[in-house]
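Engineer: End of the sequence shown sits at 285 in UniProt numbering; the numbers just go up one at a time, nothing left out. Mind having a look at this structure? Questions to follow.
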Amino acid sequence: NIAYVSGEFIELDDAKVSIQDRGFQFGDSIYEVIKLYDGKLFKADEHFSRLLNSAEMIRLNLEYNLEDLKKIALEVVDKNTDNQSGSLYIQVTRGIAPRNHSFDFDLKSTVIMYLLPAQPFPSELWESGVNAVTLPDTRWSYCNIKTTNLLPNILANQAAKEEGAFEGVFISDDNIVIEGTSSNIFIVKDGRVITHPINKKLLSGITREIVLELAEENFDVEEKIFTLEELYNADEVFITSTTKEVLAVVEIDDKVINQAKVGKITKELHNLYREYKQDLNNF
Ligand code: PLP
């Protein structure tokens, strides 16, 4: 497995970054995960654009543009032809410096890319749906930035797992349903597909965007906030992410949704997503 680390291609086991890297010491870093389908990177432009956006929002001087990043990504894929269906992990840190909270703008950022092995999503879950639990959203005010500061997400995800749930769903102090620990969440009510609008409270998922586009062609769609009560009373609930695609949630906390069956609209959106994926000629 050949990884890219700041200008060099190197065997993953030998790939190292400094203990003075700000990504390690402060979580001063951003990331993306891009799915590989048949050796092709799915929605690479969108992921790299979001990475560049995250960089700008944390005022990180990234010396690579979108084309440079894509070129490196393609080289990593080319050097690992035995991995055709894993994911490309990309992380950019502000770089290496003596430990100090404030930073210099001329630091050379650390850029790493390597392929994660294929972890086939258990496809029976798309048939059965999954359960989720809700948790207070303990995160910060810039959840639109895809930072590696994921402690609240991993603790919430772990708590969900320990309660026997597949995903944890963040609920704000004012009872609004925000997003999953690593997914966006939608409800369907009276034929309408509803999801939280994009703002600083949540990550603008690439899958969310695709699903919204597909939904708009076929159903009434509304990007608007909804409450925990509306979540419990929804006709259908589903979550979206690069790996989960469109995944039905059939139980939330102790409430059963749609008689514990995958809903019709959820199923249709997943089928549309599958078709969209196949039709796309990604770079
Ligand atoms: N929200 C959060 C907090 C995430 O971490 C993720 C993905 O990991 C998503 C939403 C879904 O994003 P995407 O569809 O781009 O995978």
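Quick reminder that beta carbons are idealized off the backbone N, C-alpha and C, glycines included. Every value quoted in this text rests on a predicted model; they were computed, and no experiment measured them.
Do you know whose CA, among Asp222, Ser87, Tyr234, lies nearest Asn177's CA?
Structural biologist: Tyr234
Engineer: In the DSSP assignment, the beta strand (DSSP E) including Gln93 goes from what residue to what residue?
Structural biologist: For Gln93, the uninterrupted beta strand (DSSP E) run begins and ends at 89-95, by DSSP.
Engineer: Where do the N-terminal and C-terminal ends of the alpha helix (DSSP H) with Arg101 fall, by residue?
Structural biologist: Run containing Arg101: none; DSSP gives neither H nor E here.
Engineer: What span of residues does the beta strand (DSSP E) with Gly182 cover, start to end?
Structural biologist: Annotation for Gly182: the continuous beta strand (DSSP E) segment containing it runs 179-182.
Engineer: Taking the CB atoms as reference points, tell me whether Arg141 and Phe172 lie closer together than 9 Å.
Structural biologist: yes
Engineer: Are there 16 or more other CB atoms within 10 angstroms of the CB of Ser31, so buried, or fewer, so exposed?
Structural biologist: buried
Engineer: Can you tell me which residues form a DSSP beta bridge with Leu43?
Structural biologist: Leu38
Engineer: Who are the Cβ neighbours of Asn155 in its own chain at under 8 Å, not counting the five residues just before and after it?
Structural biologist: Contacts found: Arg141, Thr183, Ser184.
Engineer: Near Ala120, what residues of its chain come up, given a Cβ to Cβ distance below 6 Å and the 5 sequence neighbours on each side ignored?
Structural biologist: Taken in chain order, the residues that qualify are Ser87, Gly88.
Engineer: Of the choices His49, Tyr6, Arg24, Val7, whose alpha-carbon is the least far from that of Thr209?
Structural biologist: His49
Engineer: Taking the C-alpha atoms as reference points, what is the distance between Phe228 and Leu271?
Structural biologist: 20 Å
Engineer: For the beta strand (DSSP E) containing Lys191, list its first residue and its last residue.
Structural biologist: 186-191
Engineer: Which of the three DSSP states is assigned to Phe249 in this structure?
Structural biologist: Looking at the sequence itself, residue 249 is Leu, so the reference to Phe does not match. Leu249 falls in the strand class under three-state DSSP.
Engineer: By alpha-carbon positions, which one of Leu249, Asp256, Gln93 ends up nearest to Glu126?
Structural biologist: The option with the nearest alpha carbon to Glu126 is Leu249.
Engineer: Could you say which of Val179, Lys269, Asn260 lies nearest to Val213 if we only look at CA atoms?
Structural biologist: With respect to the C-alpha of Val213, the residue from Val179, Lys269, Asn260 having the closest C-alpha is Lys269.
Engineer: Would you give the residue range spanned by the beta strand (DSSP E) that Arg194 belongs to?
Structural biologist: 194-197
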